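Trainee: Take this structure first; my questions come after.
2 protein chains.
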Amino acid sequence: MTGVANPKRLPRAVREQQMLDAAVRVFADRGYHGASMDEVAELAGVSKPMVYLYLGSKEDLFGACIRREAARLMERITSAVHDAATIECRLVSGFEAFFGYVAEHKDSWNVLYHRARALGPPFADEVDRARHDIIDAVTGLVDQRGASAGEAGALSHALVGAADALAEWASRTGEPATVTTARLMNLVWIGIERQIDGASWRPASS
Amino acid sequence: MTGVANPKRLPRAVREQQMLDAAVRVFADRGYHGASMDEVAELAGVSKPMVYLYLGSKEDLFGACIRREAARLMERITSAVHDAATIECRLVSGFEAFFGYVAEHKDSWNVLYHRARALGPPFADEVDRARHDIIDAVTGLVDQRGASAGEAGALSHALVGAADALAEWASRTGEPATVTTARLMNLVWIGIERQIDGASWRPASS
DNA sequence: CCGTAACCTTACCCATCAGTAAACTTACTC
DNA sequence: GAGTAAGTTTACTGATGGGTAAGGTTACGG
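From first to last, the protein sequence lines are chains A and B.
FYI, in my numbering the residues of the first sequence are 102 to 307.
FYI, in my numbering the residues of the second sequence are 102 to 307.
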């Protein structure tokens, strides 16, 4: 019983959330295959059959974790971007929200980015769909003038990838989200503007 | 016996490479915990005790895979960058080499990027060290004038992260490495130049 | 104060899989 | 063509861990 003290009987909805909290943590620490249902149950302060009763199989549990955490992340970003006028503002708000989320919910980010993405079709697809929702939103920002087909999509992927890497960096150095956002904007904003305007870099030498 | 036909006895050095080939594939497909030594042995066309005799434990085997694949990737990039004069040329050559490698050795990239990175200290450190060698090289390129402390480091992380994401994109669309490289340069080159010159973007609103 | 339903546990089964013991077979040397 | 070392296998063990059966305990409505 090293889990949080749960001396009392609790309603199902509460227990389920506790189990999901524990599961996110264990999956974040050990990965899908490395995690054991016993450990999840223990950390949740509950016996194993409870987990199976409420959340189903290990796959079901992992799926539930992914859905909950992805929804939280998405909600944070979309609500931040919601009331920003210009493209630049939306990008800045989105990045700040993202970096803030990763800093405050490392386990959640770990499960989504490191663990789920590394898995086969059942789960990687789920999280990739969420990722693509973000990328598509970015693409929409960058491609308002309907530029060349793949251009904007590739750019969005690169942008999100850069943000991922910077999030990791920032969570190690502990710098505030606004600073990290400035770094990223500093690197890519002119390139994005150029994409919006249709200009492009040409290879000079090889 | 679904593995490659190995009807004959082979010298140790050859068998070891076959085993590593098989291991890289299985680890790429299933992840460290999901992979079984039986499957590795079968795919290598050999029985399990051979794997243990030649490569040691599962951890040893995974470590050997990581080291071999990381060395291959590093060697390809460094040799490509070697004879390029300007910063711009070095970046372009490095990116092209990287995208080319990922396209041609998906399993290798998968193990290094998705599988090993998602693991705990023993392996993640190993591959992170290789990753940092690359990032440091990029930092050296970008920070030749000795700019502000963290700036160049953060930029390199973002750059490598963007490259990772684009590599994934490129491996899905199948576009040639030169095109992907142009996309990336198009996005970040001006920002990099600005970093080299010491200029910086400043948040305007929000 | 009794029933019943929601909450929760102990104790087990069995498949998978890392790792090994012991022996067999081919090739190469002297 | 004996001797031996390298290459290789079959057949096992022991632990881990997903999943379940059967039953115990608290709350709460009637």
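By construction, the Cβ of each residue, glycine as well, lies at the ideal position given by its N, Cα and C atoms.
Being a predicted model, the structure only gives us computed values, none of them experimental.
Can you pull the chain B residues whose beta carbon is under 7 Å from the beta carbon of Val289 (chain A), in chain order?
Mentor: In the first sequence, residue 289 (chain A) corresponds to position 188, counting from 1. The answer, in chain order, is Leu288, Val289, Gly292.
Trainee: Report the three-state DSSP secondary structure of Ser194 (chain B) (helix, strand or coil).
Mentor: Counted from its first residue, the second sequence places residue 194 (chain B) at position 93. If DSSP states are grouped into helix, strand and coil, Ser194 (chain B) belongs with the helices.
Trainee: My guess is that Met175 (chain A) and Ala231 (chain A) are in contact by the Cβ rule of under 8 Å, so how many angstroms apart are they, rounded?
Mentor: Position 74 of the first sequence, counted from the start, is the residue given in the question as residue 175 (chain A). Position 130 of the first sequence, counted from the start, is the residue given in the question as residue 231 (chain A). Correct: roughly 6 Å between the Cβ atoms.
Trainee: Could you tell me which of A:Asp130, A:Phe196, A:Arg216, A:His215 sits nearest to Ser180 (chain A), measuring between CA atoms?
Mentor: Within the first sequence, residue 180 (chain A) is the residue found at index 79, counting from 1. Of the candidates A:Asp130, A:Phe196, A:Arg216, A:His215, the one whose C-alpha sits nearest the C-alpha of Ser180 (chain A) is A:Phe196.
Trainee: Just verifying my parser: in three-state terms, what is the DSSP assignment at Gly146 (chain A)?
Mentor: Working through the first sequence from its first residue, we reach residue 146 (chain A) at position 45. Residue state, collapsed to three classes: coil.
Trainee: Under a Cβ-count criterion, where at least 16 other Cβ atoms within 10 Å of its own Cβ denotes burial, should Arg273 (chain B) be classed as buried or exposed?
Mentor: As a position in the second sequence, residue 273 (chain B) is number 172, starting the count at 1. So Arg273 (chain B) counts as exposed.
Trainee: When the Cα of Gly221 (chain B) is compared with those of A:Ala225, A:His215, A:Asp226, A:Ser209, which residue comes out closest?
Mentor: Taking the first residue of the second sequence as position 1, residue 221 (chain B) is located at position 120. Among A:Ala225, A:His215, A:Asp226, A:Ser209, the Cα nearest to that of Gly221 (chain B) belongs to A:His215.
Trainee: Could you list the residues in the stretch 167–181 of chain B with a C-beta less than 7 Å from some C-beta on chain A, going in chain order?
Mentor: If the cut-off is 7 Å between Cβ atoms, the stretch 167–181 of chain B has nothing near chain A.
Trainee: DSSP three-state label for His206 (chain A), please.
Mentor: Within the first sequence, numbered from 1, the residue matching residue 206 (chain A) stands at position 105. His206 (chain A): coil per DSSP, three-state reduction.
Trainee: With H, G and I counted as helix, E and B as strand and the rest as coil, what does DSSP make of Ala219 (chain A)?
Mentor: Your numbering for residue 219 (chain A) matches position 118 in the first sequence. Three-state result, Ala219 (chain A): coil.
Trainee: Excluding the 5 residues preceding and the 5 following Leu242 (chain A) in the sequence, name in chain order all residues of the same chain whose CB lies nearer than 8 Å to its CB.
Mentor: Along the first sequence, read from residue 1 onward, the residue named residue 242 (chain A) stands at position 141. The residues are Ile188, Arg191, Leu192.
Trainee: Quick one, are the C-beta atoms of Ala204 (chain A) and Arg177 (chain A) less than 8 Å apart?
Mentor: Walking along the first sequence from the start, residue 204 (chain A) turns up at place 103. Walking along the first sequence from the start, residue 177 (chain A) turns up at place 76. No, these two residues do not count as a Cβ contact at 8 Å.
Trainee: Report all residues from its chain with a CB closer than 7 Å to the CB of Ser257 (chain B); omit the five preceding and five following residues, and keep chain order.
Mentor: The residue given as residue 257 (chain B) occupies position 156 in the second sequence. For Ser257 (chain B), where only same-chain residues beyond five positions count, the Cβ hits under 7 Å are Ile236, Val239, Thr240, Val243.
Trainee: So which residues of chain A does Val125 (chain B) contact, with C-beta pairs closer than 7 Å?
Mentor: Numbered from its first residue, the second sequence carries residue 125 (chain B) at position 24. In chain order: nothing, as chain A lies at least about 15 Å away.
Trainee: Taking only three categories from DSSP, how would you classify Ser306 (chain B)?
Mentor: Along the second sequence, read from residue 1 onward, the residue named residue 306 (chain B) stands at position 205. Reliability of the predicted coordinates at Ser306 (chain B) is poor, the pLDDT of 45 falling under 50, and no value is obtained from them.
Trainee: Sorted by chain position, which residues of the same chain lie with C-beta nearer than 7 Å to Arg169 (chain A)'s C-beta, five sequence neighbours on each side aside?
Mentor: As a working note, residue 169 (chain A) is residue 68 in the first sequence. Leu121.
Trainee: Looking at the C-beta of Asp350 (chain A), does it have a partner C-beta in chain B at a distance below 8 Å?
Mentor: There is no way to answer for residue 350 (chain A), as the model of chain A reaches only from 102 to 307.
Trainee: For Val125 (chain B), report the span of its alpha helix (DSSP H) as first-last.
Mentor: Taking the first residue of the second sequence as position 1, residue 125 (chain B) is located at position 24. Element bounds for Val125 (chain B): 113–135.
Trainee: Quick check: what's the CA-CA separation for Arg110 (chain B) versus Arg284 (chain A)?
Mentor: Along the second sequence, read from residue 1 onward, the residue named residue 110 (chain B) stands at position 9. Along the first sequence, read from residue 1 onward, the residue named residue 284 (chain A) stands at position 183. Rounded to the nearest angstrom, the two C-alpha atoms are 57 Å apart.
Trainee: What did DSSP end up calling Ser158 (chain A) once you bin it into helix, strand or coil?
Mentor: In the first sequence, the residue the question calls residue 158 (chain A) occupies position 57. Here Ser158 (chain A) sits in coil by DSSP.
Trainee: Rounding to the nearest angstrom, what Cα-Cα distance links Leu162 (chain A) and Gly146 (chain A) in this structure?
Mentor: Numbered from 1 along the first sequence, position 61 holds the residue referred to as residue 162 (chain A). Numbered from 1 along the first sequence, position 45 holds the residue referred to as residue 146 (chain A). Each residue's Cα considered, the two are about 16 Å apart.
Trainee: Pull up the distance between the alpha-carbon of Glu117 (chain A) and that of Asp226 (chain A), whole angstroms please.
Mentor: Along the first sequence, read from residue 1 onward, the residue named residue 117 (chain A) stands at position 16. Along the first sequence, read from residue 1 onward, the residue named residue 226 (chain A) stands at position 125. Computed Cα separation, rounded: 24 Å.
Trainee: Taking Gly275 (chain B) as the query, report the chain A residues whose CB atoms sit under 8 Å from its CB, ordered along the chain.
Mentor: Stepping through the second sequence from its first residue, residue 275 (chain B) is reached at position 174. Within 8 Å Cβ-Cβ: nothing; Gly275 (chain B) doesn't reach chain A, min ~11 Å.
Trainee: Going by C-alpha distance, which of A:Gly201, A:Met151, A:Asp130 is nearest Pro112 (chain A)?
Mentor: If you number the first sequence from 1, residue 112 (chain A) lands on position 11. The option with the nearest alpha carbon to Pro112 (chain A) is A:Met151.
Trainee: Does DSSP classify Thr187 (chain A) as helix, strand or coil?
Mentor: Residue numbering aside, residue 187 (chain A) sits at position 86 when the first sequence is read from its first letter. Reduced to three states, the DSSP call for Thr187 (chain A) is coil.
Trainee: Using 10 angstroms around the beta-carbon of Glu140 (chain A), count the other beta-carbons present and answer buried if the total reaches 16, otherwise exposed.
Mentor: As a first step, residue 140 (chain A) is located in the first sequence; it is residue number 39 there, counting from the start. Result: buried.
Trainee: From Ser306 (chain A) to Met286 (chain B), what does the alpha carbon distance come to, in whole angstroms?
Mentor: Taking the first sequence and counting its residues from 1, one reaches residue 306 (chain A) at position 205. Taking the second sequence and counting its residues from 1, one reaches residue 286 (chain B) at position 185. A caution first: Ser306 (chain A) carries a pLDDT of 45, below 50, which makes its placement in the model too unreliable to give a value.
Trainee: What is the rounded straight-line gap between the Cα of Val115 (chain A) and the Cα of Val125 (chain A)?
Mentor: Taking the first sequence and counting its residues from 1, the one referred to as residue 115 (chain A) is at position 14. Taking the first sequence and counting its residues from 1, the one referred to as residue 125 (chain A) is at position 24. Computed Cα separation, rounded: 15 Å.
Trainee: Applying the 10 Å Cβ sphere with the 16-neighbour rule, what's the burial state of Thr103 (chain B)?
Mentor: Position 2 of the second sequence holds residue 103 (chain B). Legend: pLDDT at Thr103 (chain B) = 39, less than 50; position of this residue unreliable, value from coordinates given subsequently. That one is exposed.
Trainee: Contact criterion: CB-CB distance below 8 Å. Does Ala114 (chain B) meet it with respect to chain A?
Mentor: Locating residue 114 (chain B) in the second sequence gives position 13, where the first residue counts as 1. No, its Cβ sits nowhere closer than 8 Å to a Cβ of chain A.
Trainee: Can you look up Asp298 (chain A) in the DSSP assignment and give me helix, strand or coil?
Mentor: One-based indexing of the first sequence puts residue 298 (chain A) at position 197. Helix at Asp298 (chain A).
Trainee: So, does the CB of Val261 (chain A) fall closer than 8 Å to a CB anywhere in chain B?
Mentor: On the first sequence, residue 261 (chain A) is found 160 positions in, with the first residue counted as 1. Yes, contact with chain B.
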